[in-house]
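In full-length UniProt numbering, the protein residues as written are 1 to 421.
Worksheet for the structure shown next.
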């Protein structure tokens with residue numbers, strides 16, 4: 001049976017509403033009327049379904065014109081909703097483990113990692129993207145209704161072995177496919193996911209498309225794995241602009257355990273627990289990043305950076321010594337509270353290292369709250385030495401940003417690039 005399509009006159013708002021799902025039968029629209037013929041009229045179009053007997057009878061028409069009553073509500077167009085194109089980048093992590101080789105049953109019948117292994121990861125050369133995607137869609141068929149997925153294997157390893165070199169690989173893969181896809185998923189191990197998400201967000205500042213990192217605590221093929229729901233949640237958020245309420249995510253995010261977090265503001269806070277799963281997506285739209293400026297990818301990082309937590313009673317001259325002399329170029333100084341430190345022990349060491357050329361970014365050991373070192377004498381003295389202490393960043397993000405700023409001296413540490421401060 002043919003479907004009726006109502007076309008609203010040009011210039012009317014909300015001219016298109018999408019059907020909840022793309023039709024499965026091929027349809028064809030015939031006899032398009034020129035735009036000038038539609039002035040002041042309502043055009044009624046017929047979507048013609050394929051016929052067994054061939055084309056439409058000769059002399060018939062698929063479009064009719066009628067005068068639009070002045071008081072009648074403006075009609076709308078009903079069209080099939082196209083599915084977004086999404087690229088899934090696989091980098092490893094628990095979701096990509098070889099389940100049979102990585103897990104065993106203990107004496108109580110509970111499944112656990114084989115002790116001393118940390119899990120087994122198939123060699124990248126043995127992974128076939130087509131087969132992986134087919135298996136993935138077979139295990140999580142709901143993904144088919146959300147997007148047209150493609151899969152690319154960047155590498156396949158434990159995230160503890162992922163660092164600046166691999167972050168650049170991920171960033172380059174995203175940049176190379178930026179124009180071809182509407183959104184991106186990155187499957188990654190949880191141990192260093194916060195570092196990788198922060199790195200990608202800073203290197204690809206202004207990317208303006210959703211990049212959502214996710215992973216799991218158990219492999220996808222195992223019973224009660226959280227991988228299934230994390231993948232569905234991640235793809236739902238990554239394609240949110242295609243479905244009501246049409247939220248435009250334009251940043252690097254991390255989706256895990258029913259929560260969506262800004263990638264460069266996230267931290268792993270528990271070693272083996274994941275949160276309960278939700279059903280609905282509730283958006284805090286005011287918290288979404290609104291990118292400014294032009295997109296300019298940066299693919300260089302200097303890994304000569306260390307995190308230095310301040311510990312009561314520890315003399316940094318003994319604990320750390322001459323960092324610059326050993327090749328360190330930047331440190332993330334993890335201070336007390338809003339930016340306090342023992343002045344007699346730490347300030348002389350900081351002064352000497354700053355004179356030697358060490359770049360210092362201060363953060364707090366607290367998980368939340370502002371950074372205001374100028375409230376204390378020691379914090380003010382550190383600022384006078386040239387220690388950078390902008391708005392609070394996570395230690396993971398501060399370390400990655402130091403790596404970036406060491407390679408790009410024109411980038412100031414205290415100026416936000418991607419909502420990290």
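Heads up, the beta-carbon is just placed ideally off N, CA and C, and yes, glycines get one too.
* Whole-angstrom Cβ separation of residue 137 and residue 143, contact assumed at under 8 Å? -> Mapped onto the chain shown, residue 137 falls at position 137. Mapped onto the chain shown, residue 143 falls at position 143. The distance from the Cβ of residue 137 to that of residue 143 is about 6 Å, consistent with a contact at the 8 Å cut-off.
* What span of residues does the alpha helix (DSSP H) with residue 168 cover, start to end? -> In the chain shown, residue 168 corresponds to position 168, counting from 1. Here the alpha helix (DSSP H) through residue 168 covers 164-176.
* Is the distance from the Cβ of residue 321 to the Cβ of residue 354 below 9 Å? -> Translated into positions along the chain shown, residue 321 becomes position 321. Translated into positions along the chain shown, residue 354 becomes position 354. Taking C-beta atoms as the reference points, residue 321 and residue 354 fail to come closer than 9 Å.
* To do: Excluding the 5 residues preceding and the 5 following residue 169 in the sequence, name in chain order all residues of the same chain whose CB lies nearer than 8 Å to its CB.
  => Counted from its first residue, the chain shown places residue 169 at position 169. Hits under 8 Å: 154, 155.
* To do: Would you kindly work out how many angstroms separate the C-alpha atoms of residue 206 and residue 328, rounded to a whole number?
  => Taking the first residue of the chain shown as 1, we reach residue 206 at position 206. Taking the first residue of the chain shown as 1, we reach residue 328 at position 328. Taking the Cα positions, residue 206 is about 30 Å away from residue 328.
* Asked: So what's residue 61 in DSSP terms, helix, strand or just coil?
  -> Here the question's residue 61 lines up with position 61 in the chain shown. At residue 61, the pLDDT of 40 sits below 50, so the modelled position is not reliable; the number obtained from the coordinates is stated separately. Residue state, collapsed to three classes: coil.
* Asked: Going by DSSP, what residues sit across from residue 183 in a beta bridge?
  -> The count along the chain shown starts at 1 and reaches residue 183 at position 183. Under DSSP, residue 183 shares a beta bridge with 86.
* **Presumed contact (8 Å Cβ cut-off) between residue 345 and residue 373, rounded CB distance** => Along the chain shown, read from residue 1 onward, the residue named residue 345 stands at position 345. Along the chain shown, read from residue 1 onward, the residue named residue 373 stands at position 373. No, residue 345 and residue 373 are not in contact; Cβ-Cβ is about 16 Å, not under 8 Å.
* **Nearest-angstrom Cα separation, counted from residue 178 out to residue 401** => As a position in the chain shown, residue 401 is number 401, starting the count at 1. As a position in the chain shown, residue 178 is number 178, starting the count at 1. Cα to Cα, the separation comes out at about 23 Å.
* Asked: Which word fits residue 217, buried or exposed, when buried means at least 16 other C-beta atoms lie within 10 angstroms of its C-beta?
  -> On the chain shown, position 217 is the one that residue 217 refers to. Sixteen is the threshold: when 16 or more other Cβ atoms of the shown chains lie within 10 Å of the Cβ of residue 217, as they do, the residue is buried.
* Going by C-alpha distance, which of 174, 368, 350 is nearest residue 212? -> Against the chain shown, residue 212 aligns to sequence position 212. Checked all of 174, 368, 350; the closest Cα to residue 212 is 174.
* Asked: What is the DSSP secondary structure of residue 219, reduced to helix, strand or coil?
  -> Stepping through the chain shown from its first residue, residue 219 is reached at position 219. Three-state result, residue 219: coil.
* Got a sec? Which residues, its chain only, sit under 7 Å from residue 266 by beta carbon, not counting five neighbours each side? -> In the chain shown, the residue the question calls residue 266 occupies position 266. These residues qualify, in order along the chain: 194, 197, 254.
* Skipping 5 residues on each side, what residues in its chain have a beta carbon closer than 8 Å to that of residue 92? -> One-based indexing of the chain shown puts residue 92 at position 92. So the list reads 121, 155, 156, 157, 158, 159, 162, 187, 188, 189, once near-sequence residues are dropped.
* To do: Specify the secondary structure class of residue 299 as computed by DSSP and reduced to three states.
  => As a first step, residue 299 is located in the chain shown; it is residue number 299 there, counting from the start. Looking at residue 299 - three-state DSSP - the assignment turns out to be coil, as it is neither helix nor strand.
* Bridge partners of residue 214, per DSSP? -> Working through the chain shown from its first residue, we reach residue 214 at position 214. DSSP, once it has assigned bridges, lists 187 as partnering residue 214.
* With a Cβ-Cβ cutoff of 9 Å, do residue 297 and residue 338 count as a contact? -> The sequence position of residue 297 within the chain shown is 297, counting from 1. The sequence position of residue 338 within the chain shown is 338, counting from 1. Judged by their CB atoms, residue 297 and residue 338 are not nearer to each other than the 9 Å cut-off.
* Asked: With 16 as the cutoff for other CB atoms within 10 Å, does residue 256 come out buried or exposed?
  -> Here residue 256 is taken as the residue at index 256 of the chain shown, counted from 1. Under this definition residue 256 is a buried residue.
* Have a look at 391, 252, 303, 331 and flag the residue whose alpha-carbon is nearest the alpha-carbon of residue 418. => Position 418 of the chain shown, counted from the first residue, corresponds to residue 418. The candidate whose alpha carbon is nearest that of residue 418 is 252.
* Asked: In three-state DSSP terms, what is residue 91?
  -> One-based indexing of the chain shown puts residue 91 at position 91. Three-state DSSP puts residue 91 in a strand.
* Which runs of the beta strand (DSSP E), 3 residues or longer, sit entirely within the segment 304-376? -> Listed in chain order, the beta strand (DSSP E) elements of length 3 or more contained wholly in the segment 304-376 are 305-309, 330-335, 359-364.
* When the Cα of residue 147 is compared with those of 208, 403, 81, which residue comes out closest? -> Here residue 147 refers to the residue found at position 147 when the chain shown is read from its first residue. The option with the nearest alpha carbon to residue 147 is 81.
* Per DSSP, what kind of secondary structure is residue 404 in: helix, strand or coil? -> What you label residue 404 is simply residue 404 of the chain shown in a count that begins at 1. Here residue 404 sits in helix by DSSP.
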